[in-house]
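Going line by line, the protein sequences match chains A and B. Per full-length UniProt numbering, residue 1 is the first one in the first sequence, and the count goes up by one each step. Per full-length UniProt numbering, residue 1 is the first one in the second sequence, and the count goes up by one each step. Note sheet for the following structure.
Protein chains: 2
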Amino acid sequence: MKILIVEDEQGLRENMLTYLSEDKNVCESCTNLADALSKLGLYNYDFVLLDIGLPDGEGFEVLRYLKDKMREEAVIIISARNSLDDRIKGLNIGADDYLTKPFHLSELKARIVAVFRRKSTNSSNKLVFNEIVINLMERTVTINETEIILTRKEFDMLLYFVANKGKVISKTALAEHLWGDEMDMHDNFDFIYSHIKNLRKKILDFTTNDYLKSIYGIGYKFTDK
Amino acid sequence: MKILIVEDEQGLRENMLTYLSEDKNVCESCTNLADALSKLGLYNYDFVLLDIGLPDGEGFEVLRYLKDKMREEAVIIISARNSLDDRIKGLNIGADDYLTKPFHLSELKARIVAVFRRKSTNSSNKLVFNEIVINLMERTVTINETEIILTRKEFDMLLYFVANKGKVISKTALAEHLWGDEMDMHDNFDFIYSHIKNLRKKILDFTTNDYLKSIYGIGYKFTDK
DNA sequence: AGTTAAATTCAGTTTTACTTCAGTTTTACC
DNA sequence: GGTAAAACTGAAGTAAAACTGAATTTAACT
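What follows is the structure, encoded as structure tokens:
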């Protein structure tokens with residue numbers, strides 16, 4: 001595989017370089033943001049190992065660049081900080097995994113293999129909204145890495161909401177999406193109230209943000225912010 | 001949304017009226033060409049659902065009228081004939097969609113939504129007036145990047161004002177747009193005063209410009225400058 | 001079949017927006 | 001400036017909408 005290593009610490013960079021090269025990988029490295037973006041502009045890689053704290057900016061820029069250009073490179077973030085925010089931010093912008101310094105080179109290799117397998121089986125089809133991660137293939141939802149168990153209706157409901165993130169969804173539109181338009185619910189939204197309530201409860205058990213806002217008289221809105 | 005239904009078949013007309021009213025639309029209806037033109041002369045609508053075969057003429061006249069006056073109303077033609085000619089003729093004169101009887105009311109609604117989305121996405125979803133940004137899909141209003149929470153009536157009111165930016169809106173026109181013409185408010189504008197007051201207050205909490213000017217004895221005017 | 005979970009209904013409660021009202025301020029016109 | 005109509009204001013009442021917990025019905029899975 002062709003791997004780009006973006007890391008300013010000389011020792012770590014050279015260790016990764018030699019260690020990964022032993023496994024028949026083609027490795028290149030650079031020490032700052034500008035060089036990384038320039039290299040990515042010239043070549044395609046299979047993997048980018050990305051330090052966040054770089055001398056000329058944050059590694060997130062690379063992620064944004066790749067996401068913006070719809071590039072296929074797998075990215076593993078390598079960061080000194082172990083904050084949840086950075087981890088989630090990285091995964092949000094499209095990173096595939098996250099590694100905190102210090103780490104064993106063997107762990108790095110294991111993660112590369114794992115990410116590669118996940119990407120090639122194409123089951124990494126996930127939607128990320130802050131601490132909420134929705135895996136479409138597995139039909140699972142995790143919040144802060146703990147899975148919440150949703151029923152069919154709850155999951156479909158959540159999907160419809162996130163598919164229309166930010167937009168206001170009327171209760172009738174919701175009903176039509178979930179039950180089809182044959183359903184006549186003359187002014188009876190009890191079951192919607194019920195499902196909304198249950199979905200909200202499950203979400204609020206693991207995060208304090210209210211993602212599902214009510215718009216009085218209009219409907220509901222799923223929001224990121 | 002404010003919808004005008006032009007349909008001479010009593011059953012169908014009443015069905016559409018009740019069905020669409022359920023979705024918080026303000027609906028009015030008439031049964032012939034003359035009334036339709038008269039109503040369009042008096043009020044603005046968001047949508048016109050237009051039957052072609054009317055007792056006193058062809059619905060195409062309405063389309064010509066709207067086109068001639070450069071009106072913004074979206075038009076969905078409803079016709080018993082399924083001839084390609086009519087369809088083409090209608091779309092040529094400026095109809096946005098075409099529906100052949102008989103049809104399901106759910107299909108009508110789906111088309112209304114689709115036409116509305118097409119119309120609104122074509123003309124950049126967001127309305128911007130200096131520091132005020134109105135997002136129709138999200139049903140949000142931000143002033144200097146902070147969101148202000150508006151109720152239904154406040155939001156609809158604001159929309160009506162900005163749609164008629166610079167023009168003076170009489171209180172009766174405002175009342176008719178927001179409540180439909182069934183509402184009789186014999187010289188009692190208390191609720192308008194109330195809503196205006198609340199809307200103004202919310203706006204003035206975040207900007208010092210008075211966008212909503214009162215024209216004594218006449219009405220109100222939303223202005224940019 | 002029987003068991004469990006999910007979907008829906010129900011009745012009672014809380015919340016919210018809309019309207020009304022009474023009192024005050026502003027405006028146009030004499 | 002005085003006056004009456006028009007416009008505004010804060011607060012209170014009211015009905016609709018939304019929410020809730022639990023009960024019931026329905027569907028799903030051995």
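By construction, the Cβ of each residue, glycine as well, lies at the ideal position given by its N, Cα and C atoms.
query                                                                                                                           : result
Cβ pair residue 224 (chain A), residue 166 (chain A) closer than 9 Å                                                            : yes
Coil, strand or helix - residue 219 (chain A) by DSSP                                                                           : strand
Whole-angstrom distance between residue 133 (chain B) and residue 124 (chain B), CA atom to CA atom                             : Unreliable positioning characterises residue 124 (chain B) in this predicted model, as indicated by a pLDDT of 43, which lies under 50. A coordinate reading is not provided.
Whole-angstrom distance between residue 216 (chain A) and residue 141 (chain B), CA atom to CA atom                             : 15 Å
For residue 203 (chain B), the first and last residue of its enclosing alpha helix (DSSP H)                                     : 190-204
Among B:62, B:20, B:207, the one whose alpha carbon lies nearest that of residue 106 (chain B)                                  : B:20
Of the listed residues B:214, B:108, B:220, nearest to residue 12 (chain B) (C-alpha basis)                                     : B:108
Reference residue 177 (chain B); option with closest CA among B:35, B:40, B:208, B:15                                           : B:40
Partner residues on chain B for residue 245 (chain A), Cβ-Cβ distance less than 9 Å                                             : Coverage of chain A is limited to positions 1 through 225, which leaves residue 245 (chain A) absent and any answer about it impossible.
Residue 38 (chain A) versus A:65, A:139, A:213, A:171, residue with shortest Cα-Cα distance                                     : A:65
Short CB-CB distance (under 9 Å) between residue 208 (chain B) and chain A                                                      : no
Sheet register partners of residue 74 (chain B) (DSSP bridge)                                                                   : B:47
For residue 97 (chain B): DSSP bridge partner residues                                                                          : B:76
8 Å contact criterion, which residue 33 (chain B) and residue 56 (chain B) should meet: CB distance rounded                     : 5 Å
Inter-residue spacing [alpha-carbon to alpha-carbon] between residue 163 (chain B) and residue 221 (chain B)                    : 11 Å
Candidates B:22, B:44, B:23, B:15: closest to residue 4 (chain B) by CA position                                                : B:44
CA nearest to the CA of residue 99 (chain A), picked from A:67, A:48, A:168                                                     : A:48
First through last residue of the alpha helix (DSSP H) which encompasses residue 171 (chain B)                                  : 171-179
Cβ of residue 163 (chain A) within 9 Å of any chain B Cβ                                                                        : no
CB-CB length for residue 95 (chain A) against residue 75 (chain A), believed under 8 Å                                          : 5 Å
Residue 149 (chain A) classed as buried or exposed, judged by whether at least 16 other C-beta atoms fall within 10 angstroms   : exposed
Extent of the continuous alpha helix (DSSP H) to which residue 15 (chain B) belongs                                             : 10-21
Chain A contact for residue 21 (chain B) (CB, 9 Å cutoff)                                                                       : no
Among B:130, B:50, B:127, B:174, nearest to residue 101 (chain B) - alpha-carbon criterion                                      : B:50
Coarse secondary structure for residue 61 (chain A), derived from DSSP in three states                                          : helix
Distance between residue 201 (chain A) and residue 161 (chain A) (C-alpha atoms, nearest Å)                                     : 16 Å
Beta-carbon gap between residue 219 (chain A) and residue 168 (chain A) smaller than 9 Å                                        : yes
Residue from B:170, B:144, B:195 with nearest C-alpha to residue 208 (chain B)                                                  : B:144
8 Å contact criterion, which residue 93 (chain A) and residue 52 (chain A) should meet: CB distance rounded                     : Not really, about 11 Å apart at Cβ, beyond 8 Å.
CB contact flag (residue 198 (chain A), residue 154 (chain A), <9 Å)                                                            : yes
Spatial neighbours of residue 31 (chain A) in its chain, beta-carbon cut-off 6 Å, leaving aside the 5 residues before and after : 8
Chain-ordered neighbours of residue 218 (chain A) on chain B, where CB pairs are closer than 8 Å                                : 24, 139, 152
Three-state secondary structure assigned by DSSP to residue 129 (chain A)                                                       : strand
Contact list for residue 109 (chain A) against chain B, beta-carbon separation under 7 Å                                        : Those within 7 Å of residue 109 (chain A) in chain B number zero; the least Cβ separation is about 45 Å.
Beta-carbon proximity list for residue 139 (chain B), same chain, < 7 Å, skipping 5 on both sides                               : 155
Reference residue 159 (chain A); option with closest CA among A:172, A:63, A:128                                                : A:128
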